[in-house]
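In my numbering, the protein residues as written are 1007 to 1185.
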């Protein structure tokens, strides 16, 4: 009887441990009191190289990884955009290094998986007919994200961040678009 009671208690304890849930929290930016969206809204500027209607919709991805201290260990920008803009976007994300609350698993800080921040640069006063090159770029970006996942890398994909620009030639002296 004692043996059955001990075995029953042991089996219950093992099944309870097996049901323990993993508490996983994604990294969060805390840069000067700003979250990720606020930081990018204040930091990003519309690239001058995209100041034409033939490049009115450009989608890029800022990819990065964090260590357990919240510092960026890897950063790259992918997409059909010039090297100077890629460098600029990489500098913008690297400024946040050390200001991230790292990923936590069961309360312990750990390095993050790949983080993907898609950014859409959109010229507002251009006429676009769909489907366009933008749709092709969107398809390529989605393929890239799936490639990361299929390569065995788990990744966190942030919501699409949109940066809107106005063509200077169509603006008055105050910099606001004409009616």
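Think of the CB as a built atom: it goes at the ideal place given N, C-alpha and C, for glycine as much as any other residue.
- With fewer than 16 other Cβ atoms from the protein chains shown falling within 10 Å of its own Cβ, residue 1168 counts as exposed.
- In the structure shown, residue 1052 falls within a coil segment according to DSSP collapsed to helix, strand and coil.
- If the five residues before and after residue 1162 are omitted, its C-beta is found closer than 8 Å to the C-beta atoms of 1032, 1033, 1118, 1119, 1120, 1121, 1122, all from its own chain and listed in chain order.
- Listed in chain order, the non-local C-beta contacts of residue 1095 below 6 Å within the same chain comprise 1068, 1083, local neighbours out to five positions each way being set aside.
- Taking 4 residues as the minimum length, the region 1056-1082 contains no alpha helix (DSSP H) run wholly inside it.
- Under the three-state reduction of DSSP, residue 1046 is assigned to helix.
- Nearest to residue 1081 by alpha-carbon distance, out of 1055, 1102, 1088, 1064, is 1102.
- The criterion of a C-beta distance shorter than 8 Å is not satisfied by residue 1045 and residue 1127.
- Sixteen is the threshold: since fewer than 16 other Cβ atoms of the shown chains lie within 10 Å of the Cβ of residue 1043, the residue is exposed.
- Beta-bridge analysis with DSSP links residue 1100 to no other residue.
- The residues 1103, 1104, in chain order, have a CB closer than 7 Å to that of residue 1077 in the same chain once the five nearest residues on each side in sequence are set aside.
- Separation of residue 1111 and residue 1030 (C-alpha to C-alpha, rounded to the nearest whole angstrom) is 4 Å.
- With contacts defined by Cβ atoms closer than 8 Å, residue 1050 and residue 1116 do not form a contacting pair.
- Of the candidates 1036, 1170, 1056, 1070, 1070 places its Cα closest to the Cα of residue 1079.
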